[in-house]
Every structure is written in C-alpha cells, then in structure tokens.
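Keeping their order, the protein sequence lines are chains E and S.
Count the first sequence with this note's numbering and you get residues 2 to 376, in order.
Count the second sequence with this note's numbering and you get residues 2 to 376, in order.
Note sheet for the following structure.
There are 2 protein chains.
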Amino acid sequence: MVKAGILGGGQLGRMLLQEAANLPVETYVMELDADCPAAHLCHHFVEGNTRNYDEVLAFGRQVEVITIEIESVNVDALETLEQEGKKVVPAPSVMRIIQNKIRQKQFYRENGIPSPDFVVTHSLQDLHNHKHLLPAVHKIGEGGYDGRGVQILESEEHLHLGFDAPALLETKVDIFREISLIVAVGSGGEMVLYPPVEMVFDPYLNLLDYQLCPADISPQVMWKVEAIGVKLAKALGSAGIFAIEMLIDNDGDVWVNETAPRVHNSGHHTIEAHITSQYEMLWRIMLGYPLGSTALLQSSALINLIGAPGHSGDAAYIGIEKLLAMENVYVHVYGKSQTKPGRKMGHITILGSDRLTLLLKGKQVKEQISVQAKP
Amino acid sequence: MVKAGILGGGQLGRMLLQEAANLPVETYVMELDADCPAAHLCHHFVEGNTRNYDEVLAFGRQVEVITIEIESVNVDALETLEQEGKKVVPAPSVMRIIQNKIRQKQFYRENGIPSPDFVVTHSLQDLHNHKHLLPAVHKIGEGGYDGRGVQILESEEHLHLGFDAPALLETKVDIFREISLIVAVGSGGEMVLYPPVEMVFDPYLNLLDYQLCPADISPQVMWKVEAIGVKLAKALGSAGIFAIEMLIDNDGDVWVNETAPRVHNSGHHTIEAHITSQYEMLWRIMLGYPLGSTALLQSSALINLIGAPGHSGDAAYIGIEKLLAMENVYVHVYGKSQTKPGRKMGHITILGSDRLTLLLKGKQVKEQISVQAKP
C-alpha cells in the first residue's frame, strides 16, 4: 500500500479518509487537535503543528505522497520534501502563490487571468492614500480565513475598518452570480472540470450557506468560466484539485475571486451527485491513477450545517431524524464534539431534478435541523 | 455522540465505519487481528476475542448499542448485555437461532418458512442410516463459513465426505436461480425490502463471484420471494439487517437456503446503486432513526475481488488503474495487507442500465484485475 500523508485533520480530511478506504493506501494525518474530525479515520495520527518546518518535514519523510486539507501549512518544509523526491500535491510553488492573497492577485495579473483590479496597501496609513478608489473590498494578505480578513469599505467612514498590514484594495464587482469551478489536474497535466456550482443567497427563503449544481449561467458565460479555469490551472502548472471562486457581473463578465488548491466546501455535493467525488479524484491524482469522470448524476443542492447562534458546548443535532426521513437527502455530520455559533458542523446534500424543487427542499431542510449545545 | 460497538473488524465493519463518519456516532471495534480492515477506521479499537464471554461483556459495557459483522460471537455475553439494558442489533435470540444451522432449519419448519426438507444426522455413522435420501446436501451444524462445512453427497460413494458431527442432510434443490433478499427491520418493527440480487454462475463468461441487481425473476416469483422475506423477518422478531439467501427451482418454487442477520456481501452494491446503502441502513436502525429508501438508482453488477490462485503474500492489485479508467466502475479494496488464494480482497460495483451490458462489462473487469502477491 502507498503511504500518503494529509496536513490538517478537519472535515475535508475526514471525507478524504472515508474515500481512501476504497483504495490500497496507508493514511497519515497531522493536526494539532487530537480530537479533530479526521483523527480516528487514518492509519497513523500525528499530533503536530502543520506550520512548523521540522514537524512537517519529519511527518512528510514517513510517506511517499503528501497533500493538504488546509492552507496554513509550512511550505518551506514541503519544498524540501519535494526536493527529496516526495510527491507533493499541489506543488509547494502553487501553495506559496495562493497562501498570500497579494501574490495570488499578482499571479492572476501576470498570467492574464481576469480578476478585479487592485492596489496593494501596506498599512492603514497607506490605505488612506487610496480612498478615491472606494467603494472597494479590503483583503488582508495573509492569515484571512473563512470570511475573516475581508472587509467591504463602502465609503471614507469605513476606512478605519481596514487592515493595518499588507493587504489588497480591490474593485467591488456588482455580482450577478457567484460560482465555484473545480478543476482536477493529473500528474501528466491531464485535466477534467466539474460542472460549476452556484452560491445562492436568497433573502426571501433565508438561504445562506447554500449552493446549487449546476449553476444557472448562460452558455456564453459557461464558455468563459471554463476557459478561465483551464487557463488558470495550466498557469499554476501543478497536479491537484483547484476550486476557483468566480464572480459574474451584470454584463456577463467573469472575474476570478480566489482559488483554493485543495478539495473544497463547494465540492461536497460531488460525493452523491457526480460519478467521481472530488475526494476520490484527489486520491486518483495522488496515487497516479487515471482521472475519473466528473459527469453529473443528478442536480444537487448543498446546505452547510452551521452551529446555531447563541449555542456553545457539546453538539446536539436537533431534528436530524426528520432529515433522515426525507428522500434524496444525504446527511454528513463532521463529528466535532463542540459546537459554537457559525462553526461548520456538517452538510446536507439534496438530489433532485429541477432548481425549484431543490430550493424548496433546501428551505424545508433548513427549517428542520439546528445544531445546538446540549442543555 | 452515541457510543456504538461492532464485533468483528473485517470488510463489513470497514464499510460500516466509512458510513458511520456521516453520523453523530462514536465507534468501537473488537477483533483479534489488530491489522484487520476496520481497525484504523474506528474511534476505539479493542484487540480481543469476539467468542470470549468476558471480553465481549467488557467491550459491550463501554457502549450504548452493539452489532455484529461476523456470526461467530459470544451470544451469552450479548444476552447479558441485553438484560443490562444495552441495545443489541440483531437480538441475541436471533443470533442463537442462526448460529446453528440445525436450529435455523427447525425455526423455518416451525414457522412455515419454505426451506429444503431435511433430517438431522448426529454422526457419520448416523448419516449412513439416511443414505436412501441421496443425492442430498450435508451441512455441518456449527462452524461452517464461506462454503466450508457444506458437502454435496451425490451417491453412496460420497458418504465418507460427510461430517462426523451434528449436521443437516438436506434435499438438493434443482436450482433455476439463486438470489439474496435483504430486509431491514427498524426497532419499532417497521420494515423495508431491497430489490433481490441474483447470483450469476456463467461458465461461458467464467463469471463466478458475480451478482446482478435486480434479479431476473418473474412477478409471480417476486411475490413469493417478498412474502417469504416479510414472513421470516416477522418471525425473527428483531431489528436489524437480514440477508436471506433463497433458491428458486424450475417450477418457480422458492426455498430459503439460509439467513445472515447482518450486513452482507450480497448488499455491497447498495453503496452506489441504491438511495440508502445497507451500511447506512444499519446505522439508522442502531441509532433509532427512520429507515431509508431502498429504491434502486441504477441496475448494478457486483464482482468479488478474490486472491488469485497460487499467490500468497503482500497484496498487489494488478490492473487496478485499468478499472479506474472505466466509467461507472467503482473499486473497493479492503486494505488487507496479505493476499491468499480465494481470500476476499475487495469488490467492484458496476452501474448500468441493462443486463447484457453489465454482464459484458463484468467480463472485462474480471479480465483486467488480479490480486497477486508481490514478487
């Protein structure tokens, strides 16, 4: 069996390991929290800091191939491992570009990838020099995650909300659709694209943390989306799974917002809705097998199961039995013992044939489940 | 999270644990072999003997609900656990009936379940008293497994092949079809049936260890199959998954061959081909959730991946990359480090729309993969 390591032990690691059990692979996971979602599903769990050079190096030397499920990892160590002949997916050079949002934007600019225009601001003081560019989006260069490190600055009164660190000041796009395109690249450069997914923000149905696949976009926009995805993946020049978030404006122009070089929240639905899931696909890439088919079996909706506001403590999944009584509804709980407001605790995939059914079933699902703390 | 225990750590346990990771459950596995397929996929692995009273009792006292993935377990200990208020699925009383083939047959007779006629033979000497019943099938009462403990006695010259222990001498059925029906029974007695699966023995295509779903049987036979399945599951009177092997003769009569009170090899295809897999279904039963839908998404073929003759040692999956290049072919490797001739090393599920396509694709699959020992 091939020895394979994953840096990070969250839900993405968990789902990678569920899939690994179908293939001849011996799994290693490194993560600080020994109670993390992936800890009990691997052959070898290593309690360690994925940002520490020595720890990542020692971990990587035990395995033949290594990947990430989080981006805050020690890229220097991964570069050393690559030089020592280990297969690292994605390439450390790509992680280095993506880890820093300023480098990532500069990469888009240098490679002709359409992305909202930007200037670099070095401090809060420097930000004031660019106030004529407002309204704009301010994004911290390093350390942002899951919505943190991004601030919309509508006008001068908001300037104090900006970051006093190297950051991007980006043109605000008038968003018509927000989508995610997942591209899988094999070790030989072969490439397959999943159908893009659409993020739904429906205030009437209160549908946040909700996505639909396939995205509702015109064939013309689809061509641009796919062309940009292929161009970006080629420019990165690395094997791996790349989740590319794109913004589509009212003119039908397509802008790359950001890229994750790993399996991604926007690909959870591929477990049930596509022939090859993103998780199986990453194993195929890591183990040198042929890429799988990305064909869609059914349309799908995905709802993130988020810790309810006001609830911190031992997690209870109130209403889970109601979801399990619904046909074509697939529940994924991540096994985190503690819930807190806004924490990703699981997700629900709904299969269906048409958009309206999926939207309404999604509303039902949201109404029936709540992750709360045990009293 | 509910604490749940599994006795046995083979591939059935492995697939149960892959599915458990979608639900709020903390998993315990007990098995003698610490390198077994399920050992690394549970929260708590206990190296122990599932046939030992004290060990099973101590194991069971750690959890709230307990199930089996093999039948050679200590039923006395499970009865004690049940009396102590643990939920045991299936009920120990059912395991006791099924563990001994003589008791199992007597149960069928007492409950009006059609099953081939039989006499009990207490020794090889006693077998000679019944030689007028040949040709017949001789089955050892306890300890048979996976084809062992069953002997076809065509004529008197074969009598010496019989078992010198309590055994059944059964009428030999002229088999037209051999099928398996999986019935799921919830804690409240609610019941759902999977579409029956057909075992294929095609000497022309060399298709052994091969099954198709749905089985090719007439509506009239289907009614009998389902009626017998429901009657048997009701008579057993226990929650759980029951895989009922049935023989259909040339007159369209249906005979129960034997029942397994657990997830079963003949249900592997439900992972991809049905809305709710047998593994998810067992968790729903154990955790007190509603039963899931057994509806078929697509027709399927299942091929067992068996250790090649003449090969013992570290397993290599020769040709696995060819299977992964085929569309609608799903590979499951059980992670056993050692192969030996005839050992179950994995399975392949093929999805398709018609029987002929599935048969021919099955032939291709069989030709391309071989589990051998590394040189």
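Beta carbons: idealized from backbone N, C-alpha and C, even for Gly.
Just so you know, these numbers come straight off a predicted model, no measurement behind them.
For residue i, three-class secondary structure by DSSP
i              : result
residue 337(E) : coil
residue 226(E) : helix
residue 276(E) : coil
residue 258(S) : strand
residue 114(E) : coil
residue 296(E) : coil
residue 24(S)  : coil
residue 235(S) : helix
residue 309(E) : coil
residue 51(E)  : coil
residue 210(E) : strand
residue 304(E) : strand
residue 1(S)   : The question about residue 1(S) has no answer here: the residues shown for chain S are numbered 2 through 376.
residue 263(E) : coil
residue 40(E)  : helix
residue 253(S) : coil
residue 72(S)  : coil
residue 289(E) : coil
Residue i burial status per 10 Å Cβ neighbour count (16 or more: buried)
i              : result
residue 224(S) : exposed
residue 181(E) : buried
residue 19(S)  : buried
residue 375(S) : exposed
residue 32(S)  : buried
residue 328(E) : exposed
residue 60(E)  : buried
residue 337(S) : buried
residue 86(S)  : exposed
residue 279(E) : buried
residue 263(E) : buried
residue 23(S)  : buried
residue 311(S) : exposed
residue 153(E) : exposed
residue 75(S)  : buried
residue 15(E)  : buried
residue 129(S) : exposed
residue 149(E) : exposed
residue 220(E) : exposed
CB-CB length for residue i against residue j, believed under 8 angstroms
i              : j              : result
residue 194(E) : residue 230(E) : 6 angstroms
residue 363(S) : residue 304(S) : 6 angstroms
residue 1(E)   : residue 115(E) : Past the boundaries of the shown model lies residue 1(E); chain E is included only from 2 to 376, so the question cannot be answered.
residue 270(S) : residue 301(S) : 4 angstroms
residue 228(E) : residue 178(E) : With a Cβ gap of about 17 angstroms, residue 228(E) and residue 178(E) do not count as contacting.
residue 183(E) : residue 238(E) : Wrong, their Cβ atoms sit about 18 angstroms apart, outside the cutoff.
residue 236(S) : residue 112(S) : 4 angstroms
residue 213(S) : residue 359(S) : 6 angstroms
residue 160(E) : residue 132(E) : 6 angstroms
residue 320(E) : residue 369(E) : 4 angstroms
residue 399(S) : residue 274(S) : A query on residue 399(S) cannot be resolved here, the shown segment of chain S reaching from 2 to 376 and no further.
residue 68(E)  : residue 283(E) : 7 angstroms
Span of the alpha helix (DSSP H), counted from its first residue to its last, around residue i
i              : result
residue 109(S) : 102 to 111
residue 61(S)  : 54 to 62
residue 33(E)  : Taken as a continuous stretch (DSSP letters only), residue 33(E) belongs to no alpha helix (DSSP H), as it is neither H nor E.
residue 316(E) : Run containing residue 316(E): none in the alpha helix (DSSP H); it sits in the beta strand (DSSP E), 314 to 319.
residue 76(E)  : 76 to 84
Residue i, enclosing beta strand (DSSP E) - first and last residue
i              : result
residue 14(E)  : Residue 14(E) -> not in any beta strand (DSSP E); alpha helix (DSSP H) instead, spanning 12 to 21.
residue 47(S)  : 45 to 48
residue 378(E) : Nothing about residue 378(E) can be reported from this structure: the residues present for chain E run from 2 to 376 only.
residue 248(S) : 241 to 250
residue 218(E) : Per DSSP, residue 218(E) belongs to no beta strand (DSSP E) and is neither H nor E.
residue 87(E)  : No beta strand (DSSP E) contains residue 87(E), which DSSP labels as neither H nor E.
residue 69(E)  : 66 to 69
Go through the region 323 to 374 of chain E residue by residue and report every complete run of the beta strand (DSSP E) that reaches 3 residues or more, in order.
For the region 323 to 374 of chain E, whole beta strand (DSSP E) runs of length 3 or above, ordered along the chain, are 330 to 334, 345 to 353 and 371 to 374.
Entirely enclosed alpha helix (DSSP H) segments - the region 116 to 204 of chain S, minimum 4 residues:
Listed in chain order, the alpha helix (DSSP H) elements of length 4 or more contained wholly in the region 116 to 204 of chain S are 125 to 129.
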